[in-house]
Structure formats: structure tokens, C-alpha cells
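One structure below.
Chains as they are written, first to last, in this note's numbering: chain W, -10 to 490; chain C, 15 to 611.
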């Protein structure tokens, strides 16, 4: 168990290396081998994440399974897991196999594509588990590179330019992030995130960053966070990417981006920069709501499924974000569970997208309609996934909704009202999405004759929905482990903001 | 026992869904209906046991649910006389809707070619019944909110999968949003109550009711209840969506009524003392909807519009704390609507034209039974004193007894309701045109449907006898026997309406009901247009300009350079070495890390 976190982090990278070194050619056999190796590696990673979940002791305070090793150049490789990162790691480890399923129709240079996907998973897990600012920054910003390679090289016409735009959006954020983290490290004389969170600095001096500096540091993180979630006005890369990139690449970028953005908020902003967060709270909340409204409006009028899913992903990120911004234990729990639920929902919807696209050779809504009459089973799965967006009971979305609303009351009653309005907006978008795909009359010949789901698609959508149902009926599976960390974080935030230095 | 009922409903929904097709259509339909019947039977066992037990409400713990911070919510049911009776009524109506779904409501041609319509209908009714079960039995605010959302989704599912008209589908989507608003408002109320009392259990919250903030909770729960009642002027979607097959429309109307009644009963301890605005809105609905019914073009639409009045009356009773009257009224309403709806479906499927239904005696008898019961108008010659204990009479008398300031408006509503229902009956079975449609199915009613109708009529009388015995014959306010008199007046008006040339179709009323009452529809259309315009502005203009103004030129300049660099790198002899070195370095780092530095 000593190296459990490193094993979890590096299994995908090892598989990528095996592919890079041993697999040659791009014929059918090579493609099949690459895909099955990806399934095995991501499945094994998820299995290790489950072992980690089982071995995690929720009663224990602080980080567990900590590994700390000195590296050359004065660097320290330190990883550890607490309730917050455990929940998000499980979400990422669960999402990646579904992204592999959504990639099954990739038919060119499959090996390279899988290498990029697996490398991205390692970087994302590394960012969630790192307890050292240097490694955190490397993993966090590095994750985007393989994802953009996937998006740019395997997408349709103009995908390269779309991927480059994402890079251009992210670049200033990365620079600002590094400057901010360097300032924090310099100011506190440590890169140990655990020490920074507990305000237990080795220097023994100032235990917190000064209030004014906290605001500036938070602003330094803001660009990177806003691109990842994404938030207006740094979101415009997403629709372009979604229209051209392979579905799995968009799924990974949009699905894990919000996870990483939320993690930045919960790991860096809330515990290390509480005064700054309090200063910027009205703006952050206002921006989150505005972004939500923007995305929901845009999603409502999309004429293609890819565009609608892209904006839906952006709108869906607002719920866990607003919940986290409430700063309450319930809100933080809702944010973690919400990030996981969002990732699973998007995974299911993107698998549905690949399924429909493959059969109708189009993602335009006008090419669909009436699918429920042809494929009722698929339609029910699709409906359940769409309705998950507004808190379908029996899925994880409802505990998220309930916790977010109840948690928001602890911050401000109007935040709860705003959350409810946001969920209602999501309801309109999700119902519209489902209506355009599945309802209506069965008029088009393509839809009349379209084939049903194959076993892989059924399994992928079923697994996504099954996981959502499991977490909806027994949310304690996750909340029991995230709860103590969320409560401790909420307590420290309340203490810091109620008794300023 | 409660868990068994719930699981039986869920299994029934699953078995008859597309996922249960492996069993075969007939087997799946039969198995699901049998499970639904078992659930209904058990619900009556629970109901009779609870009513006979003086021990008060009983809590049935199922499992812990959402625990976070100071919140500890569980999946548990609170079973008392009112809730167990509500569930029994909902499940009974669901079973009969399933039976009708396989018989009168479905054209024989479709049954013959295996359209799976019956299977879909059985599945969605079971799902709706299970959602209603959760709402009614929920012991805490969160489970209650979950039940309301589930009920909303199940209602939309019923319409999506059982109604082929695109209009009904769109109406279902709008209804989803209206009811979702109601469900979310109940969650807001739950949040307000949690913030004030740090609890989500109704039992604990009720004991703290005096300390609760009345105004926001009244507002949230009042609106939540109204969303499921669909009062004037917020009901155009419900009117359209209710044009589902008769059995389903009956089930939807009854269950929505039961859910709305439950919302108001649960909300009662926290409501402001005299919610006059809510009562007024409901009374207006009870008066206007029978009139709107007269102005509708099709029999289904007319029945759908008329169905709002009893639901409004039941909700009115619940608002006044008269749960018994509300439930009796809804029981009678559900059965009557089933009988009339299924009979009209049969006429539409088999005959086609108004009046041709007279040749289908079974359907005619069913419709007659429904109209008699629903209007509180017993036919003394046929039924004698039994007429007085029919649920329609009992429920309406109970509602009037607690009407106070709204007494006479509600009596007027009863007259209009009777007029609307008798007008539907007379048009369908005593009209002038008897020409059959060429494609009409001329077969007689299936035996099962006659058995179902007979069973329903027997049930109707049993409901009345049992409930009348339990509650006693309620008084009906200043006018003795008011429901009976209102029924007679409505019947006579309907005869007049039917006989006077030019009155049928209520042409003069049409502009009224297509105009002012449906103003919200215009508001909705305006809102939708505004949202679409804003959405287009956001997505097609602003987002695109942002990209085009800044990032497109930048990436257009950078991309060729990157492509060139990448091409040069790929062509260079060093490329394999650089890539190999990168891979080796990554491998080394991994191994060093795993080996412990």
C-alpha cells in the first residue's frame, strides 16, 4: 500500500510507454490491441482507485497514503489523498474508460491517440494527488497538452486551429498560475501544500498570507480556473473544440477541466486564500451565475448536438461551483459529488453522441427526431441522462441538488434561490435536448432504419447511468469519505472569514 | 409491506419497459399488470390496517440516505390513515388504467400487430404510481422533493411514450418545466425549514412549526402545490397534455390531484393562517374549466378540461384541512374519469363520429356510470339511497362543507362541471351522426373491458359505501343536498345545451377561452422568443466575434508556423532520438518514483 497513489497515477503512463515501445503499425490488429490495452489500463486504474476508496479511512484527519521523496534540484515528490481528492480521483478514473469507449470509432493512428489519452489521465490524476506546488503545477497545466494533441490531430476540419485556440486561452492562465504559486512558495518558504493548507509553515512566522496579498494571489489563479471550468468570458474555446474534435477529446477536456477547476478552488483558494475568496466572493458568484445563464441560453438555441453538449457542459459546471462557493460542508460535499455526477452524465451523453453520429452521419438535430419510436431503450437511457442535469431522483444528481440548495442557505438565501433558478434553466436545456433528439415524428428514412446500440455502447451508457444511480441511492459511498474533509474545510473557512487576522 | 409495494411497482415498470421485451409483449404486460394489482391489494391491506389502528402515524425506515454536515436524511415512509388511503386510491386507479390500456384504450388493430402500446402504457403507469407512492409516503422534505421531481418526470414520460401527437409532446415538455418549478420550490421550502429547524423530517418540523418563517414557506409550498394543480391561468400545457389516452389522462389527473393534495396537507402546519389568494385561484379554476370544456373541439379535450374542476375542489378541501373530502373526491373522480375516458377512447377507435357510440352498449354504460358518479347526481330510481354515498356526492359535500366564503362559487362550479360532463356524454352517445368511419374497427368491446368496467362500477359503489360509513354523510353547507341539486341542474342544462341548435360547440365561448384565459400562453411564447433571440446573440454573435476578433487571427498566424516546425521536426533525423529520449526519461522517472527514490 506504500506506493498506491503512485501506482494509481502512473499505470496509464506505463501503458502508454508500452504502447509507444512495443506496438508497431496501424493495421486492424494493431488498432484493436491498442484499444484493448487502453481498456485494460484505464480499467486497472479504476480498480486501483476503488482499492484506494476501500482502504481510505474516513475517520482519519488529514492526508493518507502520503509518499514523500526528495528529487534532484531540490524538488520534492509528495503525493497524498484526502476526502476531496479521493472523490475527484474516482470520477477521473471512472470517466477515462468511458472516454475510451467513446473513442472506439477512431480508425487512424490509434496507438498515438491512445498514448495521448493515457498520458492525459496520468497528468490529471497527478494534479489531484500532488501535495507539492511544483508537481501540482506541472501536472495541472501539462494535462492539457496531450488532450489538445488528441483534439487537434484526430478531429475534423479546423480541429488543429480549435485546439490551438484552447492553448492560447490556457497559456496566460498557466503563466499566471506559475507566477502565483511561485509567489506563494516564496512567501511561505515552502512548496508543501499540506503545510500551506494548515497554515503550519516551517518558517514558523506569518501563518497566513496577508489579506490583500490573498486577493491578488486568487486573482492570479482566476484565469487558469476560469478557462478550465470554463467561465465566461474565457469559455469561447469550448464550442469550437466540441464542433471539430473527437467526442472523447471534448469529453476529457470538458469533463476533467471542471474537476481540475473545482479542485483548484477547494485545494488552493478555500483553505489557503480564504480572505481573498471572501473579498472576491460576490464577483465570483456573480460570474458563475452569469456564465451559467450565458451557457444555458446558448445551449438552448444550438442546432447541433455537439454544440448543445459543449454549452451544457459549461452550464453544468456552475452547479458544483456555486455549491463550493457557499463554503459550507454540505456545499463542498455537493461540489465533489456534483463534479463526479457531471463527469458521468457527460460521459453517457458523449457516448450517445458518438452512437447517433455513427448511424446518422450527422449531429444536426434536424437529422434526428422520433428516435424514441425506433429505439425506445436508447431513448430511455438518453432521457435519464438528460434529466440527470436537473436532479433526477434516483441518480447522484438529486443528492447534489439537495445538498447544494441546503448548503447555499448557510451562505445566503438568495444563493439558494439562484441555484434553484439555475437548475430550472438546466431543466429547460436538458428537456429541449432530449426533445430534439428523441421526440417528434419518425419522418426521416435514416432514423427509420438506424441500427440499435451495440453491446459496447449499451455497456458504456449503462455503466455511466448505473454509477449515477448507485451514487444517487447510496450517496454515502462517496459522502462518507468526502464528508470529514469537507466539514474540516468548511470549518477552517468559517473560522478564517469570521475572525480576520 | 410498504417496501414490497414499492418494489412491486418498480419491478412492474421495469418488466414492461423496453428492457423487458425479452419476456415477450403479452407476458411482460400481464406480469406487470399482475404486479400492479398485487401492489394495489397490499396497499388496501396497509390502508385498512392503518385505519383500524389507533396508534397514530407509523414510520417505516428503509435506509440512511444523504448525510453531510449537520444533515442526516433517510429513506423512510410515514404511514398514517390519510397517506395510506391516498396510496391505495392511486394504485387502484393505476391498475384499472393498466387494464383499460390493454383493452378499451387501445385500438384492436394495434393490439393485433403488436405495437407495444399496452406494454408502454403499463410500464409508465407503474412508474407514475411508484413516484406518487414516494411523494405521499415521504417522511422528510428531501424525499418529498425527490418524489415530486420523479412524479414530474414520470408524467412527462407517460406523455412522451404514449401520445403520438407532437402538440402533446411539446405540452409535456412545458408541463415538465412547470411541475419542475413546483418541485424545486418545495426544495427551497425544505432549505428554509432546514435553516430554521436544522431538520428535514416532517415529524420534527411539524413540532417546530410555530417557529418557522411562515411567509417564504407559504409562498414556496403554495406555488409548489399549485404547479401540480394547474390552476387558471397556468394550465394551457396541462389541458393539451391531458389529451392522452383516456385511461392515462384519468390516472394523470387523479395522481396529480393526490400529489397536490399531499403538498397542501404536508404544508398545512407551516402555511399562513388564511391563504385566501390560493383559495380564490382554485375556486376560479373550478368555475372556469367546465366552461372551457364546453368550448373544446374534441371529446378528449372536453373531458380533459372538465377534469380540472374536481381536482381543484379536492385541493380546496386539502387547503382547508379536510383531507377526507379531498381523498373521497379524488377517488370518485379517478374512477369516473377512467370510465368516461376509456369509453370515449373506445368510441373514437371503433366508431369515429359523434353519436355512433350508442351502438357500443358497454362503453355507453361505462360513460354513464362515470358521469353519474362524477357529478354527484345519483339516479334515485336506479340506485336509490346508494346515490347519496357515491364518492362524487360525498367528496363534493365535504368540499362545500368547508368552503365558507367560497360556498356559492363552488356550488356554481359543481353545476358547470355537471353540465360539462353530461354534455360530453350526450354528444358521444346520443348525438345525431351515426355514420361509421370506413377504417373503424367494428368489433365489440373486449370481454376484459366489460369486466373492467363492471369492476370499476362495483368499486365506485364500494368506495362510497366504505368511505361513507367511515366519514358519515357529510353536510353540504347552507343548501341541503347541494351536490345532488347541482348535478340535476347540470344535467338539465346539458339537455338544453344538447337540444338547442347552435348551442353545441359553445361557439360564443370559444373566443373567451382562446383569449384571456390563455394569456400566459402568449407570455410563454414571448418569453421563448426572447430567450431564443438572446441565445442566438450569445452563441452566434458574441462568442463567435470574441473568437474571430482575437483568437482566430492569432491562431491563423501561429498554426502555419507550428505546422512548419512540426514538419521539420518529423523530417529531421533527430526526431526518433528525441522522442526515444523523452520516453526513456518518462520511464526512468516512473521507475525511480515507484522504487522509492
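Glycine residues also receive a C-beta, built at the ideal position from the N, C-alpha and C atoms.
Being a predicted model, the structure only gives us computed values, none of them experimental.
For the beta strand (DSSP E) that contains residue i, what are its first and last residues?
i, result
"residue 197(W)", "From DSSP, residue 197(W) is part of no beta strand (DSSP E); its letter is neither H nor E."
"residue 82(C)", "72 to 82"
Starting from residue i, follow its DSSP beta bridges and name the residues at the other end.
i, result
"residue 154(C)", "215(C)"
"residue 85(C)", "82(C)"
"residue 65(W)", "59(W)"
"residue 119(W)", "68(W)"
"residue 181(W)", "121(W)"
"residue 92(C)", "73(C)"
"residue 53(W)", "70(W)"
"residue 353(W)", "293(W)"
When you compare each of the options to residue i by their alpha carbons, which one comes out closest?
i, options, result
"residue 324(W)", "230(W), 38(W), 72(W) and 0(W)", "72(W)"
"residue 144(C)", "175(C), 577(C), 107(C) and 495(C)", "107(C)"
"residue 356(C)", "15(C), 114(C), 54(C) and 22(C)", "114(C)"
"residue 482(W)", "275(W), 118(W), 313(W) and 403(W)", "313(W)"
"residue 218(W)", "299(W), 123(W) and 151(W)", "299(W)"
"residue 440(W)", "363(W), 278(W) and 402(W)", "363(W)"
"residue 355(W)", "117(W), 267(W) and 291(W)", "291(W)"
"residue 389(W)", "368(W), 371(W), 462(W) and 421(W)", "462(W)"
"residue 446(W)", "91(W), 149(W) and 396(W)", "91(W)"
"residue 323(C)", "307(C), 90(C), 333(C) and 190(C)", "307(C)"
"residue 558(C)", "128(W), 222(W) and 100(W)", "222(W)"
"residue 311(W)", "399(W), 353(W) and 358(W)", "399(W)"
"residue -4(W)", "336(W), 15(W), 100(W) and 55(W)", "55(W)"
"residue 435(C)", "413(C), 217(C), 472(C) and 354(C)", "354(C)"
"residue 204(C)", "406(W), 415(W) and 429(W)", "406(W)"
"residue 477(W)", "246(W), 442(W) and 316(W)", "316(W)"
"residue 139(C)", "283(C), 260(C) and 184(C)", "260(C)"
Between which two residues does the alpha helix (DSSP H) harbouring residue i extend?
i, result
"residue 34(W)", "17 to 44"
"residue 470(W)", "465 to 487"
"residue 435(W)", "434 to 437"
"residue 321(C)", "Where residue 321(C) is concerned, there is no enclosing alpha helix (DSSP H), given that its DSSP letter is neither H nor E."
"residue 425(W)", "402 to 427"
"residue 657(C)", "Any property of residue 657(C) remains undetermined from this structure, which presents chain C solely from 15 to 611."
"residue 93(W)", "Premise fails: residue 93(W) is in no alpha helix (DSSP H) and is neither H nor E."
"residue 276(C)", "260 to 281"
"residue 98(W)", "Run containing residue 98(W): none; DSSP gives neither H nor E here."
"residue 441(C)", "421 to 443"
"residue 367(W)", "365 to 377"
"residue 233(W)", "226 to 233"
"residue 505(C)", "496 to 513"
"residue 335(C)", "That residue, residue 335(C), is in no alpha helix (DSSP H); it is neither H nor E in DSSP."
"residue 241(W)", "236 to 253"
"residue 449(W)", "444 to 462"
"residue 16(C)", "16 to 29"
Just to check my reading of the structure: residue i and residue j have Cβ atoms closer than 8 Å, yes? What is that Cβ distance to the nearest angstrom?
i, j, result
"residue 280(W)", "residue 307(W)", "6 Å"
"residue 497(C)", "residue 421(C)", "That belief does not hold up - the Cβ atoms of residue 497(C) and residue 421(C) are roughly 12 Å apart, past 8 Å."
"residue 470(W)", "residue 42(W)", "7 Å"
"residue 431(W)", "residue 437(W)", "6 Å"
"residue 328(C)", "residue 344(C)", "5 Å"
"residue 79(C)", "residue 88(C)", "5 Å"
"residue 265(C)", "residue 380(C)", "With a Cβ gap of about 16 Å, residue 265(C) and residue 380(C) do not count as contacting."
Segments assigned alpha helix (DSSP H), at least 4 residues, entirely inside the stretch 543 to 592 of chain C = For the stretch 543 to 592 of chain C, whole alpha helix (DSSP H) runs of length 4 or above, ordered along the chain, are 557 to 560 and 566 to 585.
Quick one: which unbroken alpha helix (DSSP H) runs of 4-plus residues sit fully inside the stretch 299 to 343 of chain W? Chain order, please.
-> Positions of the alpha helix (DSSP H) runs, each at least 4 residues long and wholly inside the stretch 299 to 343 of chain W, are given as 307 to 314 in order along the chain.
Please list the segments of the beta strand (DSSP E) lying wholly inside the stretch 103 to 170 of chain W, counting only runs of 3 or more residues, in order along the chain.
-> With a minimum length of 3 residues, no continuous beta strand (DSSP E) run stays inside the stretch 103 to 170 of chain W.
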